[in-house]
Ligand SMILES: [Fe+2]
Ligand SMILES: [Fe+2]
Ligand SMILES: [Fe+2]
Ligand SMILES: [Fe+2]
Ligand SMILES: [Fe+2]
Ligand SMILES: [Fe+2]
Ligand SMILES: [Fe+2]
Ligand SMILES: [Fe+2]
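Protein chains in written order, with the numbering used here: chain A, 1 to 258; chain B, 1001 to 1258; chain C, 2001 to 2258; chain D, 3001 to 3258.
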């Protein structure tokens, strides 16, 4: 089973580039499942119906989120009805939407989990225990993909090692910069600290760099906007054993617009 | 001019692996300058005389530091006498040691600067303005290498773009995970968000992973210790134009112990 | 029922001043229950057997803790055996010690809860929901005292209002500076944002002020030690209705050594 | 010289209550100078022309600010023209407005300084050194009032002790909860960790408490609005020696609307 996981998609620019790149990739490569982080799809902040539909049309099958989950109020209106969108599972009980979803890939069930780190980032429930509880509730599913949305490399690596041998993949998101530490951990879990992003390449995390630099220099509030210019597409491709669910390999799939 | 910049060296394990790998690299490749981040050289915390000497013997010519600069009290005794060791330049006036150093590579002067980010990390002076001041004080030097020790990818990217065309290279350190976004920015500055680390590969940032995971799970204090097992070496190699100081290329140099 | 709640006791100096002041107070005033925060009792960091015994001897009946709970390893050896010591209840499951305790005052049961805020402070479970669960498990107890150990005034006020009418008192600790907003909230809960501390008055939070100022100025690591000189004692005294458990009043009890 | 310093004024409710209380206070008590923190005057976020005018009409002579300084864009249009408004002095060079101002009280010059802490709050220049520089530039002025806008009690106490004997008063703002540690430090500086606020009493920091609690419980974004209901007025009154500028006394001036 070949899975493509796409990093944080930033703005309309990111949505469009996902469309473009997936069109090409799919023709070359058999992709059994496409998952993408959509927390920045709308002007860099959150997800709405239109953006979700566009990503589905492009081939994305499951959308994960992060700290920007609820930036677009519209999401609350439809997240409970759309099983293809998940938000971090360690939000408190009662939060709109779900933290995991089960989909079918051929005859196999695949469990996709979204979880958020706490270091420098959020005040949510323990990410480790919350994932444990979801895994315990799905003892029969062997193909499990975890989007670990977190700031600190230590917390992401900790999640990778903590789940090694218990899930198929732990894929970091949120920092928008792809890391080069992708590997299959000893017990068979594909891991990368950060997948990266899709959107303008010459911005800062996809946002206009003059505004970001200006804010760091002045320490005054400023409204970020999505950058312009050539785009980048960061994703990882990994193959899972059909029977065991363990990862066979993982590789980065970077695409840069000229 | 070929420069090798080595990421955070963790523990005795890291020191030894630097020795081993530099021995091999230098025989294959002409290296005109070797710079390394040594903030974690002593049990993961700070630098002392012995560790510095060992790194010099291995071929390292300039040692940069970071948030762990003063973890070993011994450093304060000799940092002012050793121009090969620099600590972040945006520490307040009066801090032991210097934030930059000038060395000779052939006939060329090379300015090496160490600076620390503030987001999630430190309460130091503005990193951007502090680097500006150092550059202004050295108008004649065209070969300038900046170690940007920071947590947030946004702040590191901001420094890269802010200095593009004004320095030869901006190399991120501190997260211990190498990123795959190395590139020469449009105005000629080599950039990478994080170079990575040297030390045990199967730890978390080089430290024993059971202790790190245990602390995240229990939220109780625990003393970290350096991990065991096979090691990794992360560095970047970049070439600078002799005349202009601009970067011609940059590439990652990962080495993994079997 | 008259309850005295004493703020964070700092060092041996604090322990001794508790002894001294409680001796005088008890002779003037009928105190039915004495609770104290002991997280800084040992050199400013944590609690051990000797300090706990000394506080009991001085008249303290229940000791609460905070972010320094596990700074003295010794505590883990006896916290499970001593029902008079509680640590924040929102530590994860499996943490040594308990987060609440029930004691008898005359014929009445009194439930004392210790909880920790998360803003700027800790990565624990939701303090609000954790307290809810404890209250639900003790529907018969009307006298409930909550030590809300937190940094942010907003989170402490939120806890006060959240529990108003459901507990007898919400008393803030941790900042070591007494606030003057003590009041009985509309539904009968005694509240203060911070009770203050017991220990050296001319230090900073009870610690040597030159070291604290030096660290802020230099941003270099430094080991704090308890200050010297005249001491202060901060506590609140509140009266609870015997039948309903609601607070009748609350007042600060500051004592300053000449 | 009698000085009244008023804590963070929140919303229109706060502005109106300042009017009302100052009307009464001034008739009873000779006030030579009235300073107020206005960072929350407009719906809890920032200051604009209208709010400033209203505060001047009420009797306020100098307005200080804090982390909300630039929340109302309008301020940037007039802050440079109005010497009665100051923002934290440790913003970087080039920031609109000034960080201190000199006014005349009778024949005496009074220097008022606004500075912001960094712990948990901001990434500005060193507050201690920045104040030092302002003091050095005004060696002739003996009456100096410092608004230390900060989150951490340790950093505020550090500023008080650091400046003891060099300024007339260090008055903490930002937490919106008045502390009861007002005193004249040994060398003659009036000090309080936090003055408190002016605005709705039954909110949380003056804001609607259901929204604040809801956000803490849900960890979802929510727009704060100013609370309703009876108001509180927190200020400190202190007397300065005409010749030496040292503080003779300091006392809290709390007023609660029935
Ligand atoms: Fe994110
Ligand atoms: Fe993102
Ligand atoms: Fe570091
Ligand atoms: Fe490091
Ligand atoms: Fe504490
Ligand atoms: Fe404490
Ligand atoms: Fe503020
Ligand atoms: Fe404020």
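Beta carbons: idealized from backbone N, C-alpha and C, even for Gly.
* Asked: What separation, rounded to the nearest whole angstrom, lies between the Cα atoms of residue 3185 of chain D and residue 3115 of chain D?
  -> 19 angstroms
* Closer than 8 angstroms to chain B by CB, residue 3084 of chain D -> no
* Taking any Cβ of chain D, which residues in the stretch 2158 to 2183 of chain C have a Cβ under 8 angstroms from it, in chain order? -> Of all residues in the stretch 2158 to 2183 of chain C, 2158, 2161, 2162, 2175, 2176, 2177, 2178, 2179, 2180, 2181 have a Cβ within less than 8 angstroms of some Cβ in chain D.
* Cβ-based burial, residue 231 of chain A [other Cβ within 10 Å; buried from 16] -> buried
* Asked: So, does the CB of residue 2071 of chain C fall closer than 8 angstroms to a CB anywhere in chain B?
  -> yes
* To do: Note down, in chain order, all residues in the stretch 3128 to 3143 of chain D with a beta-carbon under 8 angstroms from any beta-carbon belonging to chain B.
  => 3129
* Do residue 3068 of chain D and ligand 7 come close, with the Cβ less than 7 angstroms from some heavy atom? -> yes
* Asked: So, residue 3198 of chain D versus residue 3009 of chain D, is the Cβ gap smaller than 8 angstroms?
  -> yes
* Starting from residue 2144 of chain C, trace the beta strand (DSSP E) both ways and give me its first and last residue. => 2143 to 2149
* Asked: Taking C-alpha atoms, which residue in D/3074, D/3083, D/3058 lies nearest to residue 3064 of chain D?
  -> Of D/3074, D/3083, D/3058, the residue nearest in Cα terms is D/3083.
* To the nearest angstrom, report how far apart residue 3144 of chain D and residue 3174 of chain D are at their CA atoms. => 20 angstroms
* Along chain B, in chain order, which residues have C-beta atoms closer than 7 angstroms to that of residue 213 of chain A? -> 1158, 1161, 1162
* is_contact[residue 2093 of chain C, chain B] using C-beta, thresh 8 angstroms -> no
* Proximal residues to residue 3212 of chain D (C-beta, below 6 angstroms), its chain only, five neighbours per side dropped -> Within the same chain, residue 3212 of chain D has close Cβ partners 3204.
* Is the Cβ-Cβ distance between residue 2255 of chain C and residue 2013 of chain C less than 8 angstroms? -> no
* Between residue 2214 of chain C and the rest of its own chain, which residues show a CB-CB distance below 7 angstroms, the 5 nearest in sequence each way excluded? -> 2222
* **Members of the stretch 2220 to 2241 of chain C near chain B, C-beta cut-off 7 angstroms** => Under the 7 angstroms Cβ criterion, the stretch 2220 to 2241 of chain C contributes 2220, 2221.
* Which of the three DSSP states, helix, strand or coil, is assigned to residue 3200 of chain D? -> strand
* Asked: Residues of chain A with CB under 8 angstroms from residue 3124 of chain D, in chain order?
  -> 219
* **Beta bridge counterpart(s) of residue 2086 of chain C as assigned by DSSP** => C/2098
* **Coil, strand or helix - residue 52 of chain A by DSSP** => Residue 52 of chain A carries a helical assignment under DSSP once its states are collapsed to helix, strand and coil.
* Asked: Starting from residue 233 of chain A and walking both ways along the beta strand (DSSP E), at which residues does that stretch end?
  -> 231 to 233
* Can you find a CB in chain B that lies within less than 8 angstroms of the CB of residue 259 of chain A? -> Limits of chain A in this structure are 1 at one end and 258 at the other, which puts residue 259 of chain A out of reach.
* Asked: Can we count residue 2002 of chain C as close to ligand 2, meaning its CB is less than 7 angstroms from some heavy atom?
  -> no
* With a cut-off of 8 angstroms, does the C-beta of residue 1118 of chain B fall near any C-beta of chain D? -> yes
* In chain D, which residues lie with their C-beta within 7 angstroms of the C-beta of residue 2216 of chain C? -> 3128, 3155, 3158
* Proximal chain C residues relative to residue 3193 of chain D, where beta-carbon distance stays under 7 angstroms -> Per Cβ cutoff of 7 angstroms: 2177.
* To do: Pick helix, strand or coil for residue 3008 of chain D, following the three-state DSSP scheme.
  => Strand, per DSSP.
* Kindly list, in the order they appear in chain E, the residues whose Cβ is closer than 9 angstroms to that of residue 205 of chain A. => Here chain E cannot be found, since the structure's protein chains are A, B, C and D.
* **Host beta strand (DSSP E) of residue 2137 of chain C (start-end)** => Per DSSP, residue 2137 of chain C belongs to no beta strand (DSSP E) and is neither H nor E.
* Identify every residue that forms a DSSP beta bridge with residue 1022 of chain B. => DSSP lists no partner for residue 1022 of chain B.
* Asked: Thinking C-beta only, is residue 171 of chain A closer than 8 angstroms to residue 5 of chain A?
  -> yes
* Out of curiosity, what's the CA-to-CA distance linking residue 1092 of chain B and residue 1128 of chain B? -> 14 angstroms
* In chain order, what residues of the same chain have a beta carbon less than 6 angstroms from the beta carbon of residue 153 of chain A, not counting five sequence neighbours either side? -> 193
* Asked: Of the residues A/57, A/245, A/88, which one's Cα is nearest the Cα of residue 141 of chain A?
  -> A/245
* To do: Could you tell me whether any non-hydrogen atom of ligand 3 is closer than 7 angstroms to the CB of residue 1149 of chain B?
  => Residue 1149 of chain B: yes, Cβ under 7 angstroms from ligand 3.
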